[in-house]
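Below: one structure, written as structure tokens.
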Amino acid sequence: MEEQPRHEQPPATPANDPGDDPRLSELPAKYQAIIRLLEGFPQSEVDQLVHDLGEKKSYYDRLLKELLENRRAAG
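UniProt numbering applies: residue 1 is where the sequence shown begins, and numbers increase by one.
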């Protein structure tokens, strides 16, 4: 009798179960809570949120850089 290959679930990884990612415990509690809240949303909505936040961060980074440069030039 030939042994049939097993069809097991892949082990939990960050790609398929972010709640079990051991790196999650390295984050502050508020970020852990945000990640857990986002687990129930469709991936497309999470991707859009991440994109939007990235754009805002870039904007604020540029604004801060400009303000610091202006302050140095004036000082």
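Cβ atoms here follow ideal geometry from the backbone N, Cα and C, with glycine treated the same way.
- The Cβ atoms of L49 and I35 lie no closer than 8 angstroms to each other.
- Between V46 and L53, the C-beta gap is not smaller than 8 angstroms, which leaves the two residues out of contact.
- If you draw a straight line from the Cα of L68 to the Cα of Y60, it is about 12 angstroms long.
- Here DSSP, grouped into helix, strand and coil, assigns L27 to coil.
- The DSSP-derived three-state label of P42 is coil.
- Across the structure, L27 and D21 are spaced so that their CA atoms are roughly 11 angstroms apart.
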